[in-house]
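The numbering of the sequence shown is this note's numbering, which starts it at 161 and goes up by one. We put the CB at the ideal spot given by N, CA and C, even for glycine. For reference, the structure is listed below as structure tokens.
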Amino acid sequence: LLHFFLGATLGKLLFDLRIRPIFHEDRVTLSSCFARAAIWLFECVLLGLPFLAVFSNAKRRTLHDRISDSVVVSIAGTGVKAPGLFERGMVRGVFASCLLILLMIGGFQIHGILTRLKAEKGLTSFIDKDSAQCPVVGEYLQHEGRERAPSEHDRLQLAMSLYAAGLADRNCLEAEIEFEVANQIAVGPITYLAQAFVNSDDAEVSNSYLDQVCEEAAASTECAMSRVVSSWSDEDWDSVEKILGAADKGSGYLEVWGVRHFMKAARYDQALLFLDALVEHRELAEFSMVQRVKALYNRFSGPEANAALAQAISALPKEDGENLSAWVCAQQLQGGCSALTALACKDVAQIHELNEIDFTRSSAALSQIMALECSNGKALDYLTFSEAVKDEDWQLFFRANLKRQKDDNAAAFKLFAEVLRSAEAPDLLRVEALRRSSEFATREQLATMVDVWHELESKEIWVKAGNLLFTRYVQKNDRAGALSVAQNLMGAEALAPDGQAVLTRLAAQSERAERKPASVHTKKQRGGE
């Protein structure tokens, strides 16, 4: 108020000092005076250090002068000059020293806070160990009637097996690693292997952990697993198979990777051997049951596959059991509508309307469509289906069936071929497209399908499509085509048992046709004479 009404405080009046606006106003406004006083109090809280600006500013203005657009002047004409070089250097040195001290104090304070937080976190984890555990692992151990695994790394090894089977995610592995750290469990090869999977998004970090595994224990199962992962990344499948074959069994996760590899390679006998090694791993029972049904069915062991399916349906969660049944049913229906009475098609036969079909579950959708075709005599409204579904591959499939209904075989074949070539289409849909188009295909069209068949990347589709083509060639009495396809399938040990019997009969017929009776040759020779 003194500044506003008198232009100076009592001290300034005593020394003939006044405050003036630095711009052209007549006097400093009340709001500026209030701001000036507030900032002046703030500067006092800072031990008056900002007042040192009078020794560095050209007009001797401090922070509160700058905020209020004011300047202190002498009405007696005895004002001071602008600060010299020494003054400015001194003040700036003081300010720099203060800033450095503040930074050091702040740094020590932050370090202390972080150290305290880390200690508190470690203490909390040590006291409340369950907070860092993976729930899936805990559920399994609780189901088994045990509060904790019997040895130090069993929890992490169990998490690794569940992760390999797709029953746990990377967060589960990370939680179990933190659990071991909280419990001060010694780091082992399994720890480095788990870290490699946790950091799989960073190839350099992941590979460094994989290398560390074998440095720690070169003859361990964990080292074999790390080598499998490295060879898998390089798509060196021969090395993968050699390592899997030589490694010790029993870890759980190694066997799961073996199952996945041999299922992908359509070597189902080998996959079944690795599944047999998982019998004692109850935590992987769901994974084993599903893969066993698929392996048995894909190797054309129908009765065994049905028995395994019956066991799996009763043990699997409802949704998983339904998906597996639909997968089997869709392929059984390829043999005729009588498959609707089979166990796998029990739920599928209850579908009556289009809106009941869930196209996000490709196996179930295909089996339901085939069931509707059986009940409607293949007189479905495929146009309505193609308009109802959004997926392009399903649209192509329904349009192809619509063209087939109209006896436009050329257009139908072209559309079915597009589905077969589509890498995004579900596997079973691609096989079904080939089956339907091969029913009416000409010899030239079959030859085109054989070319597409040779280009298929999925081994599972390749085996199923190859056996279908072999059957079609036999039905069309094209012995050369059948023998050519069979030769490729036999080379991969993928010809179905029924196909092998047919091949044996074809070979016998060819041999008889080439071997003429002696009397026939004699008559021909005499006729020539």
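Return the residue from the list Leu476, Ser191, Gln293 and Ile529 that minimises the CA-CA distance to Asn561.
-> Ile529
Segment contact flag, the region 237-250 with the region 265-272, C-beta cutoff 8 angstroms, min 3 pairs | no
Looking at C-alpha atoms only, which residue of Ala346, Val341, Gln293 and Asp314 is the closest neighbour of Asn331?
-> Gln293
What did DSSP end up calling Pro295 once you bin it into helix, strand or coil?
-> helix
Excluding sequence positions up to five away, which residues of its chain have a Cβ less than 6 angstroms from the Cβ of Ser582?
-> Asp553
Do Glu446 and Leu476 come within 8 angstroms of each other at the CB atom, strictly closer than that value?
-> yes
Among Lys424, Leu655 and Gly410, nearest to Glu440 - alpha-carbon criterion | Gly410
Where Val416 sits in the DSSP three-state scheme = helix
Three or more beta-carbon pairs under 8 angstroms between the region 401-408 and the region 379-391, yes or no?
-> yes
For Pro181, which of helix, strand or coil comes out of DSSP?
-> strand
Spatial neighbours of Ala585 within its chain, please: CB distance less than 6 angstroms, with the 5 preceding and 5 following residues excluded, ordered by chain position.
-> Asp553 and Val579
With a cut-off of 8 angstroms, do at least 3 Cβ pairs link the region 391-407 to the region 593-609?
-> no
Ser230 bridges to which residues according to DSSP?
-> Pro181
Nearest-angstrom Cα distance between Gly326 and Arg521?
-> 18 angstroms
Work out the CA separation of Ser598 and Leu433 for me, nearest whole Å.
-> 35 angstroms
Secondary structure at Phe175, three-state DSSP: helix, strand or coil?
-> coil
Alpha helix (DSSP H) segment containing Ile529, residue limits = Ser522 to Ser535
Alpha-carbon to alpha-carbon, Gly641 and Glu654 | Note that residue 654 is Ala in the sequence shown here, rather than Glu. So the alpha carbons of these two residues sit roughly 17 angstroms apart.
Short Cβ contact (8 angstroms threshold) for Val453 with Ala426 | no
Go through its chain and collect everything with a Cβ distance to Arg308's Cβ below 8 angstroms, but skip five positions before and after it.
-> Note that Arg308 scores 45 on pLDDT, short of 50, meaning its location in the model is unreliable and no value can be drawn from it.
Can the beta-carbon of Gly762 be found less than 8 angstroms from the beta-carbon of Gln555?
-> The requested residue 762 does not occur in the structure, where the chain is confined to residues 161 to 689.
For Gly237, which of helix, strand or coil comes out of DSSP?
-> coil
Compare the Cα-Cα distances from Phe545 to each of Asp518, Ala571 and Glu617 and report the closest residue.
-> Asp518
If you check the beta carbons only, do Ala346 and Leu333 fall under 8 angstroms apart?
-> no
Taking all protein chains shown into account, decide if Ser535 is buried (16 or more other Cβ within 10 angstroms of its Cβ) or exposed.
-> exposed
Helix, strand or coil for Ser168, going by three-state DSSP, please let me know.
-> The displayed chain sequence assigns Ala, not Ser, to residue 168. Residue state, collapsed to three classes: coil.
With DSSP collapsed to three states, give me the class of Val623.
-> helix
For the region 161-181 and the region 190-198, state whether three or more C-beta atom pairs, one from each stretch, are separated by less than 8 angstroms.
-> yes
At 4 residues or longer, and completely inside the region 411-499: list those alpha helix (DSSP H) runs for me, N to C.
-> 413-424, 428-436, 445-458, 462-475 and 478-492
Thr351: buried (16+ other C-beta within 10 angstroms of its C-beta) or exposed?
-> buried
Cβ neighbour criterion (16 or more within 10 Å) applied to Ala218 = exposed
The alpha helix (DSSP H) enclosing Val214, as first and last residue numbers | It is not in any alpha helix (DSSP H) - Val214 carries neither H nor E in the DSSP assignment.
Apart from the five residues on each side of it in sequence, which residues of its chain come closer than 8 angstroms, Cβ to Cβ, to Asp658?
-> Phe460
Proximity to Tyr542 [Cα-Cα], best of Ala524, Glu513 and Ala570 | Glu513
Quick one: grab the DSSP three-state call for Pro657.
-> helix
Pick out whichever of Lys624, Ala661, Leu666 and Val341 has its Cα sitting closest to the Cα of Ala652.
-> Lys624
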